[in-house]
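Report on the following structure.
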Amino acid sequence: MSKNVLISGASIAGPALAYWLGRYGFRPTVVELAPALRGGGQPVDFRGETHLTVLERMGVLEQLRQIATGGGEMRFVDRDNRQLLYLPPDFTGGEVEVPRGDLAQVLYRHSLPTTEYIFGDSVTGLTETATGVRAVFRNGAPREFALVIGADGLHSNVRRLAFGAEERFVSHLGYYAATWQLPNYLGIERGSVGYNTPGRLASVAADPRDPARAGAFFVFAAPRLDYDRHDPEQQKALIADAFAGLGWEVPRLLDSLRLAPELYFDSISRADVGAWSKGRIGLVGDAACGATIGGMGTGTGVVAAYVLAGELARANGDHRAGFTRYEQLMRGYAEGCQKGGDRTGKFLAPGTASGLRFRNTLLSRPFFLNWMLSTGKKVSSTIALPDYRAELTGAATCVPASPAPGR
-18 MSKNVLISGA
-8 SIAGPALAYW
2 LGRYGFRPTV
12 VELAPALRGG
22 GQPVDFRGET
32 HLTVLERMGV
42 LEQLRQIATG
52 GGEMRFVDRD
62 NRQLLYLPPD
72 FTGGEVEVPR
82 GDLAQVLYRH
92 SLPTTEYIFG
102 DSVTGLTETA
112 TGVRAVFRNG
122 APREFALVIG
132 ADGLHSNVRR
142 LAFGAEERFV
152 SHLGYYAATW
162 QLPNYLGIER
172 GSVGYNTPGR
182 LASVAADPRD
192 PARAGAFFVF
202 AAPRLDYDRH
212 DPEQQKALIA
222 DAFAGLGWEV
232 PRLLDSLRLA
242 PELYFDSISR
252 ADVGAWSKGR
262 IGLVGDAACG
272 ATIGGMGTGT
282 GVVAAYVLAG
292 ELARANGDHR
302 AGFTRYEQLM
312 RGYAEGCQKG
322 GDRTGKFLAP
332 GTASGLRFRN
342 TLLSRPFFLN
352 WMLSTGKKVS
362 STIALPDYRA
372 ELTGAATCVP
382 ASPAPGR
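The letter at position 253 of the sequence shown is residue 234 when you use the working numbering, and the numbering goes up by one with no holes.
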């Protein structure tokens, strides 16, 4: 079997998968719709033995520890800035927390020696042939690959093309979330401060890299909204409407939204796919079993990339056996982690005043906080990681110092 593999998506799971496939002698190609690696984004964390073991086997754990933010406390206040709830850094930041953009850069550079990256393009058609999959691209010429992997997130393009419409797999959980960058006019030194009303959270966090910058994070309850995912101005209008009339710092934060050059906006949703592969096409990360926020999606995606690459290498050309074993090993683990995302919206923005009071009272108790922390670590470490060292074909661990395209 040819060993050229197409991976759609250059966020987290895609480059992690490309790195491992390259170590096993495959020739990965990663295609990404964005013109360059995406920067910014909320910090993401790794917690528990399983996450840290995979990062260590990749050779990136110490590098990530060097750029880690250290986490930051969360404070919830009333409209007069009186503190209602304090959550310590270890509750929010896991054992290693890094900005999503920085993590993407590390994984990109780590995979680059054995990976072809194509930015500013996307897959528009997939057709299985007798020997592979013919991929049609928006901009580039068609090419044939032995395998195609969708690592392109909750709204996976590969899943849509090969498995069916998104509505079959993605469930809306009743909330939307938005993030954007702004000047740190509140002078926040560390962590975040947030203001709730029923069904809404407006918060702002210090930028761990630049004290002059901050990041806004808004969450609001809403039924499924009809909007263009590629129209940021329409998304800004939806956010402004949802938070119109609120006090605290909300008007100033909405003013910064109007000027924000980049915006992340999406529903809080989950993906449930009956089978993670179809012929020579497979799914990994959020495309297979994702949750927008709170489902340990980053750590699960890195673990899934490790297992998928290892099982494809171990299968020695039998992709069906590799895909089957990968799903057998990962499904229960991923679904267990994913369940946390079902509670995220209700935790961040309870729908009633009594719900807000209950959350604040419960999380003020150290016993309950410690229980939640220990539970998270247990859930993230419920898989026995296989050891694929026998399949390694050579070291591909040099990390070039040059920045990613467009950065």
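Note that beta-carbon positions come from the ideal geometry of N, C-alpha and C, so glycine has one too.
DSSP lists Arg56 and Val185 as the bridge partner or partners of Val174. Of all alpha-carbon atoms in Leu42, Leu45, Arg46 and Leu68, the one lying nearest the alpha-carbon of Glu54 is that of Leu68. By the neighbour-count definition (other C-beta atoms within 10 Å, threshold 16), His32 is a buried residue. DSSP places Asn(-15) inside the beta strand (DSSP E), whose first and last residues are Asn(-15) to Ser(-11). The Cβ atoms of Asn165 and Phe57 do not sit closer than 8 Å to each other. Judged by their CB atoms, Ala269 and Trp257 are nearer to each other than the 8 Å cut-off. For Thr342, the three-state secondary structure derived from DSSP is helix. At the C-beta level, Val129 and Val117 stay beyond 8 Å of one another. According to DSSP, residue pairing for Ala158 in a beta bridge involves Val200 and Asp247. Shortest Cα-Cα distance from Gly260 to any of Gly303, Leu227, Leu(-2) and Gly266 involves Gly303. In this chain, Glu147 is not harboured by any beta strand (DSSP E), its DSSP state being neither H nor E. DSSP, reduced to helix, strand and coil, places Phe348 within a helical segment of the structure shown. By the Cβ criterion, the segment 285 to 296 is not in contact with the segment 153 to 160, since fewer than three pairs of Cβ atoms, one from each stretch, lie closer than 8 Å. Around the beta-carbon of Thr363, fewer than 16 other beta-carbon atoms lie within 10 Å, marking it exposed. Residue state for Pro164 is assigned as strand, using DSSP reduced to three classes.
If you keep only unbroken beta strand (DSSP E) runs of at least 3 residues inside the segment 248 to 333, you get 262 to 264. Look at Ala15 here: in three-state DSSP terms it is coil, with no helix or strand label.
Nearest in C-alpha terms to Arg181, of all of Gly332, Ile99 and Val12, is Gly332.
Pairing Val104 with Leu42 gives a Cβ-Cβ distance that is not under 8 Å.
Within the segment 49 to 118, the complete beta strand (DSSP E) segments at least 3 residues long are 55 to 58, 64 to 68, 77 to 80, 97 to 100, 104 to 109 and 114 to 118, listed from N- to C-terminus. Distances from the CA of Ala221 to each of Gly29, Gly321, Ala159 and Arg8 were compared; the closest alpha carbon is that of Ala159. Residue state for Ala122 is assigned as coil, using DSSP reduced to three classes.
Distances from the alpha-carbon of Ala197 to those of Gly52, Val(-14) and Ala187 put Ala187 closest.
The three-state reading of DSSP puts Pro9 in strand, counting E and B together. Val25 carries a strand assignment under DSSP once its states are collapsed to helix, strand and coil. The Cβ neighbour count for Pro16, taken over all protein chains shown within 10 Å, is under 16; the residue is labelled exposed. For Ile274, same chain residues with a beta-carbon under 7 Å away, outside a window of 5 residues either side, are Ala158, Ile249, Gly322 and Thr325 in chain order. Of the candidates Tyr307, Gly20 and Arg295, the residue whose Cα lies closest to the Cα of Ala285 is Tyr307.
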